[in-house]
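Using the numbering used here, read the sequence shown as starting at 67 and increasing by one per residue.
For glycine and all other residues, C-beta sits at the position ideal for the given N, C-alpha and C.
These figures come from a predicted structure and were not determined experimentally.
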Amino acid sequence: MLPFSPPRRLSAFGSLLLGLAVACASLGALSPGMAQAQSSATVQGRVVDAETGAPLTGANVQVLGTQRGTSADTDGQYRVRVAPGDLRLRASFVGYSAETEQLRVEAGETYTFDFELTPGSTLDDVVVVGSRGQSRSALQSAVPVDALPVGELTTQSPQTDLNQLLTYTAPSFQANRQTSSDATEFIDPATLRSLPPDQLLVLVNGKRRHKSSLVNTLGTVGRGAVGTDLNAIPSAAVQRVEVLRNGASAQYGSDAVAGVLNLQMKEATNQLTADVTTGLRNAGDGELVKVSANYGFEVGDDGFVNVTGMFRDRARTNRADGNSLIIFDQSEQGNFFAYPAEDSPENPSEARQIDNQILEERGLDRSDFRFRVGQSAVQQRAVFLNSEVGLGNDATLYAFGGLSYKNGIGAPFRRLPSNLTAMPFRPSNENPDLFRNGFQPEMNSDVVDQSLTIGVEGTIGGWTWDLSNSYGRNSLDYQMDNTVNASLLQASPTSIYAGGHAFSQNVTNLDVSRFFDDALAGINVAFGGAYRTDRYQIFSGEEASYRNYGRVQLIDDTSAASPRLVTRDTLGKEPGTQGFVGFRPENEVDRTRSNVAAYLDTEVNLTENLLVTAAGRYENYSDFGGTLNGRLAARWGLLDGRLNLRGSASTGFRAPSLHQIYFNEVRTDFDDQGQLVNIGTFSNDSEVARILGIPQLEEERSRSYSAGITASPIENLDLTIDGYQIYVDDRVVLTGEFTPENAPEIVDLLSEVGAQNAQVFANAVDTKTTGLDVVATYRLPLPTGTVELSAAGNVNDTEIQALTIPETVRANYEGEDLQGTFFGRQEQGFLTESNPESKVTLSADYQLSAFGLLVRTVRFGEQVRPGFAQNQTHSPEWVVDATASYDLTEAATLSVGASNLFNNYPDEQVFGNSYLGVFDYAPVQQGLNGAFYFARLNVQL
């Protein structure tokens, strides 16, 4: 009996549902006993537009220097409990200038104060990330921060997920959907300032979010790196995204080398917002249906629970057409792999004629053998909860978290019947029942993302404190369908579980801060610590997913010596599942590590116009030791604050992820010569790494410098310009491929796992990244309506300053091109050229009564793609988005529009990079899917 086991599938919504339910129940149970003692006062009122008097639903009202705050409801009304005495109350709203008022309140009293906010620009929005002191607008910050109004963008923008929203609004941010890249098709790698995904730290409500369990090992953006699955969070749950474009390891710890994304979640109450979006691609595929809803309700006097649900169903696209691959086995005629160069449909070669004849005999067409190149199909369900409730004595309990279940169906490379080693039959079997004409494997993966943060914050003796615990887990499994283990021949199952992996993180934080308003012009002191544990796991698949059943032990008695036991491959078939070789029991991993951290963060207002900040952070990891990092930053205001000069210098680090240390697998991919082979990725502590001489991984170290200005030269015009330089030493990279020819000592180890080549993770590269960010906004009142104009751009260049090949590797290498093997042209290209060298976004948002029009054009600059045969330079591309909206009623808005309105594609790949015509386009710049047309209905009640 063959050792098949039923596929293991991960639960869509796991035990974290219970955690969220308990959190909600706890908040509800606490609310009846929350009558505040007479030691507090109440401030209430409305937040409205100063020009029209319209309520500003969702406006933020914050008690400065404390954690107290609330959001305005649908009528613009707010209510917040405060400690008696002097306080400063600030109201802010996206696209409006913030307003701060000084108040004196007495215990047990209720005060009414209304805010009238003047329309301004998003650069004047109050931001949280980058500072633990008094909240400032992006114009007043000592470091560059963008505040992106996601709540507004999800209504107007053609983009339908967080990654794409940020790509088209934040020039230094880039995420692109990948194709034919295993599970990277389901978790888009996102980058900031062209640095890898693992050098971008993601926070939710200021708390560290966990990474995904996926490490990108194929030829994609972020090769060798681990990112965060932003699309696991429903965009309808996010009020705004703050993009800190500055190194911040000294404040937030590992990973914040390129910068930080902070997602501020919605807090609105007594308001239901819902939307339905549907659309499709210009080519008639890629259909989308997305439904989301958000609702919040009050708990007690100043608490809330805000809940979001989302469903998204995205169909696949296909941009593959004809190619020059031989379809059927023609080995007897001496024809292998591809048609000769001079072949064409009009002037067919012998090989093409033979294929044509067999197609006609079998009643088939060439389209039946078409590859699938495009976005994967994804169906996703997600929920997110954000909540807060007062406990008395100026303390607040908060909880937030989410669940996301995503099922993705991707397409590995098609297996043509000419590839005999992949076919589940012997060449002598002329009429097999199973996959006589080859097959298109499908990767059917479940991606489950869970998170929950619970904390308490308050004020004691003028000191604000915040104690919290955050848990997050991401898991991904691989169910291979419409595939075979060729070594089982006709007995092979066609649906095989290939294993999976998971990553979890738990962080306990204590943050303490105080603002001394009587020292100089104000001094803020913050300190705290964190304890974090990480866990990484790999789970093996069923035996048929990895085993070579043709590999058997035999007695060899043919030699003159005595008979001996030998291992032979009796079938010559590729082992494991076609499309993705499963994880073996030897691949299984269950590793943990911990780290402790302590930080000190100060902000000193020497005068009203001169701000100096300094931060230091020490972290100690259980597996590689400690690291100390610091940051200095300053802002000098001139011309009554209409001009600000700012700059910063910092050191940073990134700990090698557990994935990079322990990940190991065998996958099917193109080798350095463009041939499809099985490539083994071996862990840093493996025997292969030891034989090659790869040292233990160490942390990456960085130095970041920035200088810039912010200006408001005329009314309604705001401008920021920031230049930066980032040095990263000892970057952890995935090497090139070692082969039996240049590393003969690993031949037997490769053979044991069915791999032809080997690669490992190593500290190998020092880089320098230089760039410039420019952001400008202008609000133009017209006789009929108002136009919000914005222009933003990023220019960026990354270069390799040093390539460090360990001496032990040099000693063990037997080939002629050590650098090309260890970290060659393609590996270097994916590190330095993964993104356009520049990006410019121009937009105009026009509002006239019930009618709205958004027009945006994005220029994706020149991009070099390291292809199979050569580096190809893709010329700049302009993409136009347009959305027209109309308020059907006070509660309903209908929008129609397009992303990539004119259906622009990147340059076609040169033939040598296209895998003989299979990949006409590479996933660069705006991507390879073409125009997307949509309609959306938004409802607000």
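With 16 other Cβ atoms within 10 Å as the buried cut-off, status of residue i
i	result
residue 451	buried
residue 618	exposed
residue 89	At residue 89 the pLDDT is 46, less than 50, meaning the model places this residue with poor confidence and gives no usable figure here.
residue 800	buried
residue 868	exposed
residue 493	exposed
residue 526	exposed
residue 634	exposed
residue 435	buried
residue 991	buried
residue 206	buried
residue 628	exposed
residue 1002	buried
residue 322	buried
residue 694	exposed
residue 827	buried
residue 289	buried
residue 490	buried
residue 917	exposed
residue 91	Reliability of the predicted coordinates at residue 91 is poor, the pLDDT of 45 falling under 50, and no value is obtained from them.
residue 244	buried
Backbone secondary structure at residue i - three-state DSSP
i	result
residue 534	strand
residue 977	helix
residue 917	strand
residue 817	helix
residue 874	helix
residue 360	strand
residue 276	coil
residue 217	helix
residue 243	coil
residue 49	There is simply no residue 49 to check, as the chain begins at 67 and stops at 1007 in what is shown.
residue 903	coil
residue 299	coil
residue 150	coil
residue 392	coil
residue 288	coil
residue 377	strand
residue 209	coil
residue 812	helix
residue 852	strand
residue 420	helix
residue 825	strand
residue 514	strand
Whole-number beta carbon distance between residue j and residue i, since they are thought to touch under 8 Å
i	j	result
residue 409	residue 390	7 Å
residue 568	residue 541	4 Å
residue 287	residue 768	Going by Cβ atoms, the distance from residue 287 to residue 768 rounds to 20 Å, so no, they are not a contact pair.
residue 339	residue 354	About 20 Å separates the two Cβ atoms, so there is no contact after all.
residue 446	residue 378	5 Å
residue 298	residue 470	4 Å
The region 925–945 touching the region 967–986, judged by at least three CB pairs closer than 8 Å:
yes
Residue ranges of each beta strand (DSSP E) run of no fewer than 3 residues wholly in the region 451–509, ordered along the chain?
461–476
Three or more C-beta pairs closer than 8 Å, one from the region 953–964 and one from the region 220–227: is that the case here?
yes
Ranges of the beta strand (DSSP E) found wholly within the region 568–650, counting only runs of at least 3:
589–605, 617–622 and 630–635
Looking at C-beta atoms only, is the number of pairs between the region 364–372 and the region 484–499 that lie closer than 8 Å three or more?
no
Whole runs of the alpha helix (DSSP H) within the region 311–359, excluding any shorter than 4 residues:
315–318
Within the region 714–744, ranges of the alpha helix (DSSP H) (whole runs, at least 4 residues):
724–728
Please determine if the region 312–319 and the region 225–243 are in contact, where contact requires at least 3 C-beta pairs separated by less than 8 Å.
no
Could you say if the region 592–602 and the region 658–666 meet the contact criterion of at least three C-beta pairs nearer than 8 Å?
yes
Should the region 777–784 be regarded as contacting the region 876–891, the criterion being three or more beta carbon pairs within less than 8 Å?
no
Closer than 8 Å is the cut-off here; do at least three beta carbon pairs connect the region 600–616 with the region 637–655?
yes
Quick check: the region 518–535 against the region 544–563, are there 3 or more CB pairs under 8 Å?
no
Is it the case that the region 906–915 contacts the region 840–860, given that we only count it when at least three CB pairs across the two stretches are under 8 Å?
yes
Between the region 388–407 and the region 949–958, are three or more C-beta pairs nearer than 8 Å?
no
Could you tell me which whole beta strand (DSSP E) segments of length 3 or greater appear in the region 668–719?
676–687 and 691–704
Is the region 818–836 close to the region 845–853, with three or more CB pairs under 8 Å?
no
Three or more beta-carbon pairs under 8 Å between the region 667–679 and the region 630–645, yes or no?
no
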